[in-house]
Amino acid sequence: MLKSISTSIPPAEVSSPVLGAALCPSPIEWYNKNMKIQTVIKKFEGSDIFFRCPVCRASLSLHENGSFLCKNGHCFDLSSKGYVHLLPGGAGHDLRYDSELFTSRKTVFGDGFFEPVAMAVQETVTRFLPDKTPVVLDAGCGEGYYSHFLARSPGLHVYGIDNVKEAVVLAAKEPGHARFAVADLAALPVADGAVGILLNILAPANYDEFARVLCPDGAIIKAVPGKQYLRELRQCVSKNLESKTYTNEKTIGHMARHADIADQKTILYTLPVSQEQLVSFYKMTPLTSHIPIQEAQLEHITEITIHFELLIAYPRKR
371 MLKSISTSIP PAEVSSPVLG AALCPSPIEW YNKNMKIQTV IKKFEGSDIF FRCPVCRASL
431 SLHENGSFLC KNGHCFDLSS KGYVHLLPGG AGHDLRYDSE LFTSRKTVFG DGFFEPVAMA
491 VQETVTRFLP DKTPVVLDAG CGEGYYSHFL ARSPGLHVYG IDNVKEAVVL AAKEPGHARF
551 AVADLAALPV ADGAVGILLN ILAPANYDEF ARVLCPDGAI IKAVPGKQYL RELRQCVSKN
611 LESKTYTNEK TIGHMARHAD IADQKTILYT LPVSQEQLVS FYKMTPLTSH IPIQEAQLEH
671 ITEITIHFEL LIAYPRKR
């Protein structure tokens, strides 16, 4: 059990305005930040058995000041924004995925377009989750939509990891029980055998790492786009695309070389969409990221198609 942190308020200090120095935080600002970090510490309590040091792979212990520390002195602080940064070498950025993309995705998710997908994922997790390891790792969690959805389930421990800091910051802003970290998806800072279900939705996969962190009867649940995914957007920008059609055969084939696919489920539906929502769809997908929205003829689109193939597999390498 973690000890409580002292909340005594230090005296206010004011720098000389003549020198142009920034003012120190007021007592109430200091107090509020202190309360936030205590809330984050409580949320992450017990997660030190899940995480491992990303530098030396040693066990981590969560200290009362909000820092994860390993025996070799590597230290990783919890952020008052609600996440831990476990990516060595500084902040995680990916030029292909900017804050506008994740904000647009959050808007689309908030409007319920992907709720049928989330429900199918939840049903699949319930079906394949090992009784002794009720832990889900959402590898490539983005802004955390599926992590938060699953974390509503009683008794389920959900962790979301992404290598893009902007996405994790958005994920951690949402209230809920899911825990989030900025980390390398190709070198997961996670203990061996700590995961019951490895969730991988529209994200890169490192099957050697997935096999390492999964418990002996743990499973991978991977979602890949189907051929009709966002077909309306693809059609309206087809003249700017090298490939006029999409195929997931390469992605599924790569998975089949590293894991035994036990089940596959198709999720396919079409919903009405407003022009405002369509703009968010346009901005959220890498498919259209290189095409100015002015070049797309969106005004004729009144519906949008969601198509996923949900794959359940057991990694061969143990």
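With this note's numbering as the guide, the letters of the sequence shown map in order to residues 371 to 688.
All residues carry an ideal CB built from backbone N, CA and C; glycine is no exception.
Nothing here was measured: the structure is a model prediction, and the numbers come from that model.
Does residue i come out as helix, strand or coil in the three-state DSSP assignment?
| i | result |
| --- | --- |
| Gly482 | coil |
| Ile419 | helix |
| Gly588 | strand |
| Val495 | helix |
| His433 | coil |
| Leu465 | Caution applies to Leu465, whose pLDDT of 49 falls short of 50 and renders its modelled position unreliable; the model cannot decide the point. |
| Asp501 | coil |
| Asn618 | coil |
| Thr675 | strand |
| Gly623 | helix |
| Leu372 | Note that Leu372 has pLDDT 40, beneath the 50 cutoff, so the model's placement of it is unreliable and no number is given. |
| Pro656 | helix |
| Cys606 | helix |
| Asp578 | helix |
Suppose the cutoff is 8 Å on Cβ atoms and the five residues either side in sequence are ignored; what does the same chain contact list for residue i look like?
| i | result |
| --- | --- |
| Gln634 | Glu679, Leu680, Leu681, Ile682 |
| Phe484 | Val478, Tyr515, Ile676 |
| Leu465 | Low local confidence applies: a pLDDT of 49 at Leu465 is under 50, so the model's placement there is unreliable, and no value is given. |
| Ala616 | Looking at the sequence shown, residue 616 is not Ala but Tyr. The answer, listed in chain order, is Pro595, Lys597, Tyr599, Arg604. |
Would a C-beta distance cut-off of 8 Å place residue i and residue j closer than the cut-off?
| i | j | result |
| --- | --- | --- |
| Phe498 | Gly530 | no |
| Arg686 | Val560 | no |
| Ala577 | His628 | It should be noted that the sequence gives Tyr, not Ala, for residue 577. Yes, Cβ-Cβ distance for Tyr577 and His628 is below 8 Å. |
| Thr640 | Ile674 | yes |
| Gly482 | His518 | no |
| Leu456 | Val528 | no |
In the DSSP assignment, what are the bridge partners of residue i?
| i | result |
| --- | --- |
| Lys635 | Leu680 |
| Ala509 | Ile531 |
| His455 | Val552 |
| Pro685 | Ala629 |
| Ala593 | Ile571, Leu680 |
Roughly how many angstroms separate the alpha carbons of residue i and residue j, rounded to a whole number?
| i | j | result |
| --- | --- | --- |
| Asp630 | Glu434 | 43 Å |
| Ser469 | His660 | 15 Å |
| Ile567 | Gln605 | 35 Å |
| Lys543 | Val565 | 24 Å |
| Val607 | Gly596 | 18 Å |
| Pro458 | Ile411 | 21 Å |
| Pro504 | Glu602 | 39 Å |
| Val491 | Ser396 | 46 Å |
| Phe414 | Val538 | 15 Å |
| Gln645 | Ser437 | 45 Å |
| Arg522 | Cys511 | 16 Å |
| Ala666 | Leu471 | 17 Å |
| Val583 | Asp554 | 14 Å |
| Thr672 | Phe446 | 47 Å |
| His670 | Thr655 | 19 Å |
| Leu638 | Ile571 | 16 Å |
| Ala575 | Val643 | 31 Å |
| Arg475 | Val506 | 22 Å |
| Thr569 | Gly480 | At residue 569 the sequence reads Leu, which differs from the Thr that was named. The alpha-carbon atoms of Leu569 and Gly480 are separated by roughly 20 Å. |
Using a Cβ-Cβ cut-off of 6 Å (strictly less than) and excluding sequence neighbours within five positions of residue i, which residues of its own chain qualify?
| i | result |
| --- | --- |
| Ile663 | Tyr652 |
| Leu668 | Leu648 |
| Pro424 | Leu456, Pro458, Pro559 |
By Cβ distance, which residues of its chain are closer than 7 Å to residue i, with the 5 residues on each side in sequence left out?
| i | result |
| --- | --- |
| Cys585 | Pro500, Thr503, Gly563, Val565, Gly566 |
| Cys426 | Cys440, Asn442, His444 |
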